[in-house]
Amino acid sequence: MCGIIGYVGNKDAHPILMQGLHRLEYRGYDSAGIALIQDEIINIYKRQGKVNELECYCKDKDVSGKTGIAHTRWATHGEPNNVNAHPHFSSDKKMALIHNGIIENYQLLKTELINRGHEFSSETDTEVLIHLIEDIKRNENVELSEAVRLALTQVVGTYAIIVISIENPHTLVVARKGSPIIIGFGQDEFYVASDGSAIVEYTDKVVYLNDEEIAILTKGEDIHVKTIKNKVRPQPHYIEKLEMSLSQLEKGGYEHFMLKEIFEQPRSIADSMRGRLNSAKEIVSLGGIVEYENHLLNSRRIIIVACGTSYHAGLVAEYMFEDLIRIPVEVEYASEFRYRNPIIYSDDVVIAISQSGETADTLAAVELAKQKGATVLGICNVVGSAIARATHAGSYTHAGPEIGVASTKAFTAQVTVLTLMALCLAKRKGKIAKHRYTHLINELESIPQKIETIFKINDKIKEIASYMEKFNNALYLGRNYNYPIALEGALKLKEISYIHAEGYPAAEMKHGPIALIDEDMPVLVIATNKGTYDKVVSNIQVVKSRRGKIISVVTEGDTDVKNLSDYVIEIPETEEMFVPLLATIPLQLLAYHVAIMRGKDVDQPRNLAKSVTVE
Ligand code: AGP
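To convert, note that position 286 of the sequence shown is 301 in my numbering; the numbers rise steadily by one, no gaps.
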C-alpha cells in the first residue's frame, strides 16, 4: 500500500523524508515523491519507480526546507507515472498533499470542481482532494485545517493525508479514516508516517490518530486534534512508547528481509508464547482476552475473518478449535464475508486475524460484526493498528516488524497464539485430559528448537528449488491440519516466484486437478505420519501412476512416502496439530530459493503490497 511521511521542525526535512521512504518501501509501491517548503514556495519532485530513482533525480535540485512530506504510491487510480505520483499541488501551488487510501466519490467531486474552473494534471483521486481543499479555503475564507475538515466531510472513502501550505510554513495538517497514521514527537518537531518503521530512529514517543480525526502539528506548539464531524469531541490522546527498534528493521546480515524473518521464527514463536505459556505450572493464559474467555466458551460459534496468509492461519485454528474445544468454527475470507449479508448472532464470537492490522476488508468485517452485536476479538502483529483498536479485545502476536511482503514469521506467530487460545479454552471447558494437556504444552514449548533443526536442511531445500524453478505450475496437496499448509505453501511460491501454484486438499485431486498431472507439474505433498497418512500415500500413488513428480514433506524416519518420492524433505516428529508450525518452514524456504533462482524481487514482489488498506 501507499506510504506517507511528513516532518516539521528545525532539521532539514529532506534526509528524514527520504530515509522514511526507504523504510516504507516494504509496503509495496510503484512511484515516489517529495514536497518541501522553502522561501515561501513548495518544491515537488516525484518519479515513477523506486525511491533510489527519486534520490538520483533530486541530486541537482533544491531540496532545502524544514517542512516537508513524502510518499510511496501503490497505484489505484491512474497508472504509475511521474504525473500521477504524489505529492499533488493545488491550482495555485500554495498547497500540496499526499494520500494513502481511496476516494470513492472522486469523479463526482472532480466534475464539480472542473465546472468551477479547476484544471487537473493527473488521473488520481488524490489531486481532486487538494483542489477541493483549495476551493473551500478560497470560497469559505477559512483557515487551512478548517478547509481540510470541510473537504473531508464531502469525501466518501478512506484516507491518511498530510497537507502543507506556504501560508502555514511550519505546520502539517494530518487526517485519517481507514488508513493508518502515527505521529511522533521530537524536540519542537513532529514526525508523521503510515507506521512506526519510518520514524523509529528519531523518536519513540508516539500517538496513533483515530479514524475521522484531524491533527494540526505546528513546530513549537502542542498537537491540536479535532474531529471531522466537529460536533464530536476527539478522544484524549496519550503519548505511547513505540514498541519497535531500529535493529528490528535492518536485515541483520541476511540478503533479504524475508530470509531474515524465516530464520527469526524460533525467536518469534517463543516471543508469542512468552508470558502466556508456563509449562512448569501448566498454565496457558492470553491476558488480552482473559475477560472474554466466557464469551468464547459460551459462544454459539466462532467466525474467523481474515485475508491471504492470515486466512490460512484461521483454517489451522478451525481444525484445532473444533478438535479441542468442540465449538463450531467458520473461517471466511473477509472480503466475501463483508458483502454477503452474513447471519451473525449476538452470541457469536468473531476473531479477526491480521498481521498489519490495517487490511481494509478485514477491518470492514470487524465493523460489520460489531454492528450486528457479536463479540469481536483481534489477533494482530502491529501494535496500535486499526483492527487492534477496532476490536473489543485481542492478543498481539509479538512477531516483531514483518518487512517482507510475503508473510512468514507473522503466520507461525498467528498459529501459535491460536494454539494457545485453543489449549487455554480446552482446559477451561474440561475437554482435554490432563496428561494430554501436559504433553501438548510441553510439545508446543519444544517447537522453536525443532524449527532450528529444520534450518539444517536449507541446502537440501535449495537443491529441490533448483528442480522446481524451471516449471510454471505446481500443485500443493495436504490433508487435515496439512491442508491449510498446502494452501499457504502454494501462496508463498506464487506470490514471490510468480509460478502458478495451487493448494488443494489431497483427496480433492481426484475431482479435477488430476487432469493436470504430468511430468511438467511438480506435486508437493505434505505427508506427515499422522491421521490420514495412508490416504495420502494412496493419493501419491495416483500421481505417480500418471508420471507425476513428487516432492514430499514427511516426518523424520518415514519410509513409505519416501520410497514413492522424487524429492523428500524430512521434518521432526510432533503432535498432529503442531505440524503446521513445522511443515510451513521448508515451504517458506522453498519458495524463497525458487524466487531467487528466478531473479525475482523477494521482499517487494510485483503488484503486491504488505498492507492492503484499500478494497
Ligand atoms: C501473505 O504472504 C500475503 N502478503 C498476503 O496474503 C497477506 O497475508 C494478506 O494481505 C493479509 O494481510 P494482513 O495479515 O496484514 O491482514
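All C-beta atoms in this analysis are idealised placements derived from N, C-alpha and C, irrespective of residue type, glycine included.
Residue i Cβ short of 6 Å to the ligand AGP heavy atom set
i: A401; result: no
i: A421; result: yes
i: Q619; result: no
i: S512; result: no
i: V23; result: no
i: G43; result: no
i: S567; result: no
i: C322; result: yes
i: T374; result: yes
i: S194; result: no
i: S361; result: no
i: T431; result: no
i: Q603; result: no
i: V609; result: no
i: Q280; result: no
i: T91; result: no
i: V627; result: yes
i: S287; result: no
i: Y369; result: Here the sequence assigns Ser to residue 369, which means Tyr is not the residue at that position. S369 Cβ: within cutoff of the ligand AGP.
i: S632; result: Here the chain covers residues 16 to 630 and nothing more, so residue 632 does not appear.
i: T377; result: yes
Integer-rounded CB distance, given that residue j should sit under 8 Å from residue i
i: E571; j: I586; result: 7 Å
i: L159; j: N183; result: 5 Å
i: L490; j: E523; result: About 11 Å; that fails the 8 Å criterion.
i: M259; j: G211; result: 5 Å
i: I600; j: I418; result: Not quite, the Cβ-Cβ distance comes to about 19 Å (not below 8 Å), so this is no contact.
i: V189; j: I198; result: 7 Å
i: I529; j: R561; result: 7 Å
i: A47; j: L36; result: 6 Å
i: D535; j: F593; result: So it is not a contact: roughly 34 Å between Cβ atoms.
Start and end residues, alpha helix (DSSP H) containing residue i
i: S283; result: 280-288
i: P3; result: There is simply no residue 3 to check, as the chain begins at 16 and stops at 630 in what is shown.
i: K444; result: 424-444
i: S481; result: 473-483
i: M335; result: 323-339
i: A598; result: 594-612
i: I462; result: 449-469
i: G504; result: 498-512
i: I145; result: 140-155
i: D575; result: 575-579
i: V163; result: 159-167
i: S294; result: Where S294 is concerned, there is no enclosing alpha helix (DSSP H), given that its DSSP letter is neither H nor E.
i: M33; result: 28-39
Cβ-based neighbour list, residue i, same chain, cut-off 6 Å, excluding 5 preceding and 5 following
i: I117; result: T91, G172, T173, V629
i: Y44; result: T87, R88, W89
i: P463; result: P281, I284, A285
i: F104; result: A111
i: C73; result: Y60
i: K152; result: A162
i: N96; result: Q63
i: L165; result: I151
Residue span of the beta strand (DSSP E) that contains residue i, given as start and end
i: P520; result: 515-520
i: I57; result: 56-63
i: A85; result: 82-88
i: Y348; result: 344-348
i: V23; result: 18-23
i: S46; result: 46-53
i: L112; result: 110-118
i: K234; result: First-last for K234: undefined, no H or E at that position.
Own chain, CB closer than 7 Å to residue i, minus 5 neighbours either side, in chain order
i: E510; result: A421, P620, L623
i: V551; result: R494, A521, V540, A542
i: K446; result: L339, I340, R341
Beta-carbon proximity list for residue i, same chain, < 8 Å, skipping 5 on both sides
i: I56; result: K108, I181
i: E70; result: M33
i: A403; result: G372, G393, C395, V397, G409, Y411
i: C439; result: V299, S300, L301, E308
Residue-level contact to chain E via CB, residue i, 7 Å cutoff
i: D203; result: No chain E is part of this structure, which consists of one protein chain only.
Exercise for the section: List in chain order: all unbroken beta strand (DSSP E) runs of 3+ residues lying wholly within the segment 178-232. Expected result: 183-192, 197-201, 204-208, 220-223
Handout entry: In chain order, each beta strand (DSSP E) run of at least 3 residues that lies wholly inside the segment 527-557
Key = 538-541
Practice task
Would you mind listing the alpha helix (DSSP H) stretches within the segment 384-424 that are 4+ residues and don't spill past its ends, in chain order?
Solution key: 401-405
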